[in-house]
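Novice: In UniProt numbering, the protein residues as written are 1 to 584. I have a structure I would like to understand better, so I am pasting it below and will then ask my questions one at a time.
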Amino acid sequence: MKTNAEIAAALDELGDLYELDGAVSYRVIAYRTAAKAVRDSSVSIMGLTREGKVTSVPGIGKTLEEKLRALDETGDIPSAVKLRAKFPAGLVEMTKLPGFGAKRARQLHDALGVDTLEGLRALAEQGEVRKVKGFGPKGEENLLKALAAHEERGGEPEPRVVLSRALPIALEIAEALRAHPASDQVEVAGSARRWGDSVKDIDIIATASDAKALVDTLAGLEIVESVSQSGEAGARAVTHSGMKVDLKVVAPDQFGNVLQHFTGSKAHNVQLREAMVRRGLHISEYGVLDDETGETTRCATEEEVYERLGLPWIPPELREGRGELDAALKGELPQLITLDDMRGDLHCHTTLSDGRNTLEEMVAAAQARGYEYLAITDHSASHGFGNHVTPEQLEARIDEIAALNERLDGFRVLAGTESNILPDGTLDYPDELLERLDWVIGSIHTSFGMDESAMTERMLTAINHPWLDAIGHPTGRKIETRPPYSIDMARVIEAAAANGTMIEINSAPDRRDMNDVYARAAAAAGVTILIDSDAHGAETLANLRYGVATARRAWLTAAQVANTRPLDEFLQLRKRGRSSSATT
DNA sequence: GCCGTTTTCGGCCCGACTGTTTTCAGTCG
Numbered sequence: 001m002k003t004n005a006e007i008a009a010a011l012d013e014l015g016d017l018y019e020l021d022g023a024v025s026y027r028v029i030a031y032r033t034a035a036k037a038v039r040d041s042s043v044s045i046m047g048l049t050r051e052g053k054v055t056s057v058p059g060i061g062k063t064l065e066e067k068l069r070a071l072d073e074t075g076d077i078p079s080a081v082k083l084r085a086k087f088p089a090g091l092v093e094m095t096k097l098p099g100f101g102a103k104r105a106r107q108l109h110d111a112l113g114v115d116t117l118e119g120l121r122a123l124a125e126q127g128e129v130r131k132v133k134g135f136g137p138k139g140e141e142n143l144l145k146a147l148a149a150h151e152e153r154g155g156e157p158e159p160r161v162v163l164s165r166a167l168p169i170a171l172e173i174a175e176a177l178r179a180h181p182a183s184d185q186v187e188v189a190g191s192a193r194r195w196g197d198s199v200k201d202i203d204i205i206a207t208a209s210d211a212k213a214l215v216d217t218l219a220g221l222e223i224v225e226s227v228s229q230s231g232e233a234g235a236r237a238v239t240h241s242g243m244k245v246d247l248k249v250v251a252p253d254q255f256g257n258v259l260q261h262f263t264g265s266k267a268h269n270v271q272l273r274e275a276m277v278r279r280g281l282h283i284s285e286y287g288v289l290d291d292e293t294g295e296t297t298r299c300a301t302e303e304e305v306y307e308r309l310g311l312p313w314i315p316p317e318l319r320e321g322r323g324e325l326d327a328a329l330k331g332e333l334p335q336l337i338t339l340d341d342m343r344g345d346l347h348c349h350t351t352l353s354d355g356r357n358t359l360e361e362m363v364a365a366a367q368a369r370g371y372e373y374l375a376i377t378d379h380s381a382s383h384g385f386g387n388h389v390t391p392e393q394l395e396a397r398i399d400e401i402a403a404l405n406e407r408l409d410g411f412r413v414l415a416g417t418e419s420n421i422l423p424d425g426t427l428d429y430p431d432e433l434l435e436r437l438d439w440v441i442g443s444i445h446t447s448f449g450m451d452e453s454a455m456t457e458r459m460l461t462a463i464n465h466p467w468l469d470a471i472g473h474p475t476g477r478k479i480e481t482r483p484p485y486s487i488d489m490a491r492v493i494e495a496a497a498a499n500g501t502m503i504e505i506n507s508a509p510d511r512r513d514m515n516d517v518y519a520r521a522a523a524a525a526g527v528t529i530l531i532d533s534d535a536h537g538a539e540t541l542a543n544l545r546y547g548v549a550t551a552r553r554a555w556l557t558a559a560q561v562a563n564t565r566p567l568d569e570f571l572q573l574r575k576r577g578r579s580s581s582a583t584t
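Structure, rendered in structure tokens:
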């Protein structure tokens, strides 16, 4: 069965092909919207298609339902097959070149008969492209530049950077700008403000008594390599690490409009504007135009922007076009979890396996963060990276932790493990040992290549293990570097909800696994969510903020997350805590 | 191609930039 990612790619491709074919733009947009809806869906779109329910997904109607049926039954969509014969793959690649879209690709194809990037470059070098109507010397030059850049990246799309690399840069720059006496307000906008998994660039919006002074400050920062397009309105900079930074200096009375606009997401803004056009309001980065009065309202704060639209302020993490407008209109926005709600961390490592700090050091760091409890979950007997913990070592660790707890006041260390889920779904410690522990996380670290049904069965077997309390990083993805392994998360969620197994949001910034979409679905299905740092050192306990951010993007409240609870309540939420209320 | 406090047709977000155009189309965020 096709995955949502594969279906989304198929719909995007069909949109590209229809665009090359000259379809009306709204039809093309419909395919792109549908592709996004499929990508954002936590349930299997093919499953819904087979059940005849797929048109309940916003953006998918009768026509697309038919195409999804064909895709399921024949493995392809007939119209895509037909259009691919008409427009070779090279032509679709052309539309992806920066500055080039379907119209210009089609023009070149029709005028020059070219349908590969190599052929196009040859013609551009011979000066043939400038003769095409609509192109000139500049167009040809830009095409050659785009082709060279494309080649340099090996045909890959523009890279995105994991948030944890971009955020410190963004905050450092914002801090430096705030420190300048000419600055007034300085805020990071864009996907960094929405705490997305990764970002393309950094947007900073500011107000200042002297815009030029702010631009100069940016240009003078040590981390900044170069600045271009600098002027009164702002500048674009590139850091030595290759991060693009856009600074916009705006008038104080429209700071709210600009911040709202550049925080996005695009989907959120489009939905917001479409909804407000029906009320005669036109939103732009400059203000809100009222058809009735013909007047444009400028807003100094973002709260005023939303208020002008009759809405409560919407937290940036929710602005992804995933139902937040409806919820805001109905006054049903969730009270999102915050980092301050967290009372413990249930997944970390010590020097016993591959951590950098000792048991005592990790506990001290957790206490310093104001936690009430910490579970020590070193890797298990078959970890396989030379850092495994034998059953004997783990038994000694249990005693060590018991002794440590004797000395601690108002803090509890839980003896745990991050046990490997073996390919057959079993854990790699004897049951008697797992039973003696306070806490067991099961994670998959090997055999990522299993097919979806085998991988799902493997996970379900683990979920049904009586001493497994929680599943760690359930999809195995690494943001921007490794896709998730094939697994039916809908079934995993259903099984976990059925027998009270918790599912983790792993906060390692390149994991954030499960992701926001699955976490929202899991919580809705009644799964108890856990947010863990997976710290391998005292300092990375602080990574929990990335997991909390994912939880916020999943619409979660504190009540839906196990480790916001006081120790006793948390212990009761464990499978073993429910089967016997006794605590060790 | 989707969708509905303008419901089954006729709409569908907003503005900047670029390069080419003699009034604007294409692309981007």
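Idealized CB from N, CA, C, for every residue including glycine.
1. Is the Cβ-Cβ distance between Arg369 and Asn563 less than 8 Å?
2. Mind reading off the beta-carbon distance from Val215 to Ala189? Whole number of angstroms is fine, and I expect it under 8 Å.
3. Since Val129 and Leu108 should fall inside the 8 Å C-beta cutoff, what is the C-beta to C-beta distance between them, to a whole number of angstroms?
4. For Leu359 versus Ile376, is the C-beta distance shorter than 8 Å?
5. Going by DSSP, which residues form a beta bridge with Trp439?
6. Taking Asp516 as part of the alpha helix (DSSP H), name the residues at either end of that continuous run.
7. Return the residue from the list Pro78, Leu11, Phe448, Lys2 that minimises the CA-CA distance to Leu48.
8. Please state the DSSP three-state secondary structure of Thr296.
9. Which residues bound the alpha helix (DSSP H) around Gly287?
10. Residues in its own chain within less than 7 Å of Ala176 by CB, not counting five upstream and five downstream?
11. Using the Cβ count rule (16 or more neighbours within 10 Å means buried), how would you classify Phe448?
12. Looking at the unbroken beta strand (DSSP E) that takes in Gln185, where does it start and where does it end?
13. Pull up the distance between the alpha-carbon of Arg512 and that of Glu141, whole angstroms please.
14. Mark Thr584 as exposed unless 16 or more other C-beta atoms lie within 10 angstroms of its C-beta, in which case mark it buried.
15. Thinking Asp532 and Asp345 are a contact (beta carbons under 8 Å), I'd like their distance in whole angstroms, please.
16. Excluding sequence positions up to five away, which residues of its chain have a Cβ less than 6 Å from the Cβ of Thr501?
17. Comparing alpha-carbon positions, which option in Ala211, Lys244, Ala213 lies nearest Val227?
18. For Lys133, is the classification buried or exposed, using 16 other Cβ atoms within 10 angstroms of its Cβ as the cut-off for buried?
19. Leu97 by DSSP, collapsed to three states: which one?
20. Under three-state DSSP, which class holds Ser41?
21. What three-state label does DSSP hand Ser228 in the structure shown?
22. Give the DSSP-derived three-state secondary structure of Leu573 in the structure shown.
23. Considering Asn506, what are the terminal residues of the beta strand (DSSP E) in which it resides?
24. Along the chain, where does the beta strand (DSSP E) containing residue 598 start, and where does it finish?
25. Can you name, in chain order, every residue of its own chain whose Cβ lies under 6 Å from the Cβ of Ala558, other than the five neighbours on each side?
26. When you compare only the Cα positions, how much space is there between Gly61 and Thr55?
27. Determine, using beta-carbon pairs with one atom in the stretch 81-95 and one in the stretch 105-121, whether at least three such pairs fall under 8 Å.
28. Please report the distance separating the alpha-carbon of Arg576 from that of Trp467.
29. Out of Ala89, Arg520, Ser419, which one is the CA nearest neighbour of Ala381?
30. Would you kindly work out how many angstroms separate the C-alpha atoms of Leu325 and Tyr306, rounded to a whole number?
31. If you follow the beta strand (DSSP E) that Asp203 is part of, which residue opens it and which one closes it?
32. What distance in whole Å lies between the Cβ atoms of Arg194 and Ser284, which are believed to be in contact at a cut-off of 8 Å?
33. Asp469 and Val492 - do their beta-carbons sit closer together than 8 Å?
34. Can you check which of these residues, Pro168, His536, Glu303, Leu120, is closest to Lys145 by C-alpha distance?
35. Can you name the residues that DSSP bridges to His379?
36. List the residues that DSSP assigns as beta-bridge partners of Tyr18.
Specialist: Let me spell this out:
1. no
2. About 17 Å separates the two Cβ atoms, so there is no contact after all.
3. 7 Å
4. yes
5. Gly416
6. 516-524
7. Lys2
8. DSSP places Thr296 in strand when its eight states are reduced to three.
9. Careful: Gly287 lies outside any alpha helix (DSSP H), inside the beta strand (DSSP E) at 287-290.
10. Thr217, Leu221
11. exposed
12. Where Gln185 is concerned, the enclosing beta strand (DSSP E) stretches over 183-188.
13. 42 Å
14. Confidence in Thr584 is poor, its pLDDT being 47 and thus under 50, which makes the residue's placement too unreliable to answer from.
15. 6 Å
16. So the qualifying residues of the chain are Ile463.
17. Of Ala211, Lys244, Ala213, the residue nearest in Cα terms is Lys244.
18. exposed
19. coil
20. Coil at Ser41, not helix or strand.
21. Looking at Ser228 - three-state DSSP - the assignment turns out to be strand.
22. helix
23. 502-506
24. There is simply no residue 598 to check, as the chain begins at 1 and stops at 584 in what is shown.
25. So the list reads Ile337, Asp341, Thr564, once near-sequence residues are dropped.
26. 5 Å
27. yes
28. 7 Å
29. Ser419
30. 11 Å
31. 202-208
32. Incorrect: roughly 20 Å between the Cβ atoms, too far for contact.
33. no
34. Leu120
35. Glu418.
36. DSSP lists no partner for Tyr18.
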